[in-house]
Every structure is written in C-alpha cells, then in structure tokens.
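K.L.:
After the structure tokens below, expect a handful of questions from me.
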Amino acid sequence: MAITKRQITIVLSVLASLAHHPPKPPHSTNRSPQYLAALSSLAAYALHSSHVYSLPIPDIICALTLALPPLAGIVLETVLTLHNTLAQKGQLHSSRLFQITLTAFCIFETVLATLAGTHISPPGSLDCALRERWTELFSAKEGEKIARIQDGFECCGLRSVRDMAFPFPDAGHGSEACVVRYERDTACMDAWRGEERKVAIMLLVVPLAVFVWKVAILLSPSSSSAFLPSAIRLPSEDGQGGSRSRGAIEYHDAEGVAEEGEADSVRAEVNRLNKDSNVASYVEGGRVKAKNGLWQDHENWRETQ
1 MAITKRQITI
11 VLSVLASLAH
21 HPPKPPHSTN
31 RSPQYLAALS
41 SLAAYALHSS
51 HVYSLPIPDI
61 ICALTLALPP
71 LAGIVLETVL
81 TLHNTLAQKG
91 QLHSSRLFQI
101 TLTAFCIFET
111 VLATLAGTHI
121 SPPGSLDCAL
131 RERWTELFSA
141 KEGEKIARIQ
151 DGFECCGLRS
161 VRDMAFPFPD
171 AGHGSEACVV
181 RYERDTACMD
191 AWRGEERKVA
201 IMLLVVPLAV
211 FVWKVAILLS
221 PSSSSAFLPS
231 AIRLPSEDGQ
241 GGSRSRGAIE
251 YHDAEGVAEE
261 GEADSVRAEV
271 NRLNKDSNVA
281 SYVEGGRVKA
291 KNGLWQDHEN
301 WRETQ
C-alpha cells in the first residue's frame, strides 16, 4: 500500500516539533499535524523537566507519552487508508483490525493517564517518593543534580535549608554551607513537589488529548464511512458505491407526486388498495349468491319428494 501525503505530513510535523519548528499543514482545514505536534512538544517539555530536576517520575512514562501522538497519528491514518482501500474493493472485513487498533490505543492511553495521575494527588503521598529520590542523590554524592534543583527553585535542602543540602558537609564547612553561600532561606520540598505535579499534569493531558483527537477524527463526516459497519451504512444512489448517498426511506407528498404521475405515490397506492377491495367484495358476493342458489335448489328438491 502506498504511503499517503497525510502520513508524510504527520511524520514531518512531529519531527519538526521536536526541533521547535512545526511545519504548516498542506491544507488550511487540516489541523491534525499541528495538534499532534503541540502534544509532542508538551510531552517533550515534560520529559526535559523531569530529567533536569531529577523528578521521581520514571523516564519510561515520559518516553511513551512522547511517542504517543506521532504513533497515534501514523497508525490511525494507516488503518483508515487500508480500510478505505479495502472498502472500495468490496472487502470490508478489515473493520475488526480497526476495532483492535482502537482498543489497543485506548488501553495504552488509559495506562499512561493512570500512571501520570499517581504523581498528581494527594500532595502528601508525593513527599515519600521525593524524599527517597533526594536521599538517593545525597547518598550517591550527586552534587550536580542537587545543585540543579536548588538553583532552579532558589532553595537549599529538602525539608529545611540544612537538610541534605549542597554543598555537602565536610571538614571545611557544615550543613549551613548552602545558606551562607547563596543566602537562601527556603527549603526545596514545596517547590520540587509543585514541579512534579506540573509535569504529571502535562503527562496526563497528552493521552487524554490524543483520545479526544481520535474521537473527533472518527466522528468527522470525511471519516465516518471508513469505520461504520457496512450493515448500517446508507445505500448509494447508483448502487455501485458512488459518492452520493441517499436515505433508506424517502417521503413524497401525495399531491405533488400525483401531479407528476409517479406510480409509487400515496394516492396511487390507495387507489390500488380500493380496487383490490372492490374485486374482493365482488368475488365474495358471487360466492355467497352461488351458495344461496344451491341451498334453494336443494330445498325445492326436498319439497318435491
């Protein structure tokens, strides 16, 4: 199957979004590339923030969230193109593949949204993971990472300005070295927790936005014929899969149709029913008369005996 122009546009737009230069769409009415590029940029920013501030959010969640928008765009476009191609050939059994693909993406998006939601609320439950992360950095003497957190939020230490702060205590200076050097009086816990929640919200928005985008694509008039089962599609005008569709039931006014002489009008149907009723009445009347005549002949015969 040949690669469509829209597939190429989606791939190029996603790659360009990572370089912060999203391309213009080939048509002004097609907003999908920009939409997916914006979601990719949002996920890329979340991944960057999580890495810079050493947040206790697994990198795999950020990476999968970053891959979701371009993957959804390419796969959905490919499946729709395949379905339309097979539909034109009269082979509509690809609907099962389409349903499996949608189900898989729904599960994927639900898992990502759930994992991201665990880093949003309640705030008190986040403190444990943050403290464990800071303790790991402090124990491994990751001074550069701790300094990056402290410089980013202009703070010192975790719960207090002396709690595992950088510079680390040594023979030359004590735990107050950060306060003395930078003249800061704020601990990092609150600001660090707020950054984790902000990144988690961005990671939650991306799968939800991709889901909304898929629903909008599938419900759009241009895509409805690609995923609706053939049993509920409206028949075409010429019966050969033409582009013009018609309703399954058509209504015509009796007066207008009668004046146009159409045979299937309501008045013509009523006339046919009346004619059939008259014929039935005539036949039934003849049958009754014949029966009465036979009965009268029988009575006359008995009287003569």
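Oh and the sequence shown: position 295 is 295 in full-length UniProt numbering, straight run, nothing missing.
All C-beta atoms, glycine included, are put in the ideal place defined by N, C-alpha and C.
1) Decide if the region 148-159 is in contact with the region 182-191; the criterion is three or more beta carbon pairs, one per stretch, under 8 Å apart.
2) Please state whether DSSP places Met164 in a helix, a strand or coil.
3) Considering only C-alpha positions, which residue in the set Lys214, Ala209, Val179 is nearest to Val79?
4) Report the CB separation of Cys178 from Val199 in whole angstroms; it is logged as a contact under 8 Å.
5) Quick one: measure Cβ to Cβ for Glu195 and Ser49, integer angstroms, because I've assumed they're closer than 8 Å.
6) Could you tell me the distance, in whole angstroms, from the CA atom of Pro169 to the CA atom of Leu126?
7) Excluding sequence positions up to five away, which residues of its chain have a Cβ less than 7 Å from the Cβ of Gly157?
8) Look at the Cβ atom of Pro33, then the Cβ atom of Val210, and state whether they are nearer than 8 Å.
9) Tell me the DSSP secondary structure of His185 in three-state form.
10) Reducing DSSP to helix, strand and coil, say where Pro207 ends up.
11) Note down the Cα distance separating Pro56 from Ala129, rounded to an integer number of angstroms.
12) Between Ala44 and Leu66, which are expected to be in contact by the criterion C-beta below 8 Å, what is the C-beta distance as a whole number of angstroms?
13) Which of helix, strand or coil does DSSP assign to Ile107?
14) For Met202, which residues of its own chain have a beta-carbon under 6 Å away from its beta-carbon, when the five flanking residues on both sides are left out?
15) Please list, in chain order, all residues of the same chain as Leu208 whose beta carbon is under 7 Å from its beta carbon, the five residues on each side excluded.
16) Answer yes or no: does any C-beta atom of chain D fall closer than 8 Å to that of Ala177?
17) Taking the alpha-carbon of Pro122 as reference, which of Arg272, Arg197, Cys62 has the nearest alpha-carbon?
18) Look at the alpha carbon of Cys106 and the alpha carbon of Thr85, and state the distance between them as a whole number of angstroms.
19) Can you give me the Cβ contacts of Gly172 inside the same chain, cut-off strictly under 7 Å, excluding the 5 residues immediately before and after it?
20) According to the neighbour-count rule (16 or more other Cβ atoms, all chains shown, within 10 Å of its Cβ), is Ile60 buried or exposed?
P.N.:
Once the coordinates are examined:
1) A contact exists between the region 148-159 and the region 182-191.
2) Position 164 of the sequence shown, counted from the start, is the residue given in the question as residue 164. Coil, per DSSP.
3) In the sequence shown, counting from the first residue as 1, residue 79 sits at position 79. Among Lys214, Ala209, Val179, the Cα nearest to that of Val79 belongs to Lys214.
4) For the purposes of this step, residue 178 is identified with residue 178 of the sequence shown, where counting begins at 1. For the purposes of this step, residue 199 is identified with residue 199 of the sequence shown, where counting begins at 1. Contact flag wrong, Cβ pair sits at about 24 Å.
5) By one-based count along the sequence shown, residue 195 stands at place 195. By one-based count along the sequence shown, residue 49 stands at place 49. With a Cβ gap of about 7 Å, Glu195 and Ser49 count as contacting.
6) On the sequence shown, residue 169 is found 169 positions in, with the first residue counted as 1. On the sequence shown, residue 126 is found 126 positions in, with the first residue counted as 1. Pro169 and Leu126: Cα-Cα distance of roughly 27 Å.
7) Here residue 157 refers to the residue found at position 157 when the sequence shown is read from its first residue. Within the same chain, Gly157 has close Cβ partners Asp163, Met164, Ala165, Cys178, Ala187, Cys188.
8) Residue 33 sits at position 33 when you count from the first residue of the sequence shown. Residue 210 sits at position 210 when you count from the first residue of the sequence shown. The criterion of a C-beta distance shorter than 8 Å is not satisfied by Pro33 and Val210.
9) Sequence index remark: in the sequence shown, residue 185 carries index 185 (1-based). It is Asp, not His, that sits at residue 185 in the sequence shown. Residue state for Asp185 is assigned as coil, using DSSP reduced to three classes.
10) For this step, residue 207 is matched to residue 207 along the sequence shown. Residue state for Pro207 is assigned as helix, using DSSP reduced to three classes.
11) For this step, residue 56 is matched to residue 56 along the sequence shown. For this step, residue 129 is matched to residue 129 along the sequence shown. If you draw a straight line from the Cα of Pro56 to the Cα of Ala129, it comes to about 6 Å.
12) Your numbering for residue 44 matches position 44 in the sequence shown. Your numbering for residue 66 matches position 66 in the sequence shown. So it is a contact: roughly 6 Å between Cβ atoms.
13) As a working mapping, residue 107 is identified with position 107 in the sequence shown. In the structure shown, Ile107 adopts helical secondary structure according to DSSP, grouped into three states.
14) Locating residue 202 in the sequence shown gives position 202, where the first residue counts as 1. The residues Leu42, Ala46, in chain order, have a CB closer than 6 Å to that of Met202 in the same chain once the five nearest residues on each side in sequence are set aside.
15) One-based indexing of the sequence shown puts residue 208 at position 208. For Leu208, where only same-chain residues beyond five positions count, the Cβ hits under 7 Å are Ala113.
16) Note that chain D does not occur in the displayed structure, where there is just one protein chain.
17) On the sequence shown, position 122 is the one that residue 122 refers to. Selected option, being the one with the closest Cα: Arg197.
18) Position 106 of the sequence shown, counting from 1, holds the residue named residue 106. Position 85 of the sequence shown, counting from 1, holds the residue named residue 85. Rounded to the nearest whole angstrom, the CA to CA distance from Cys106 to Thr85 is 24 Å.
19) Numbered from its first residue, the sequence shown carries residue 172 at position 172. The answer is none, since no qualifying residue turns up.
20) If you number the sequence shown from 1, residue 60 lands on position 60. Ile60 comes out exposed.
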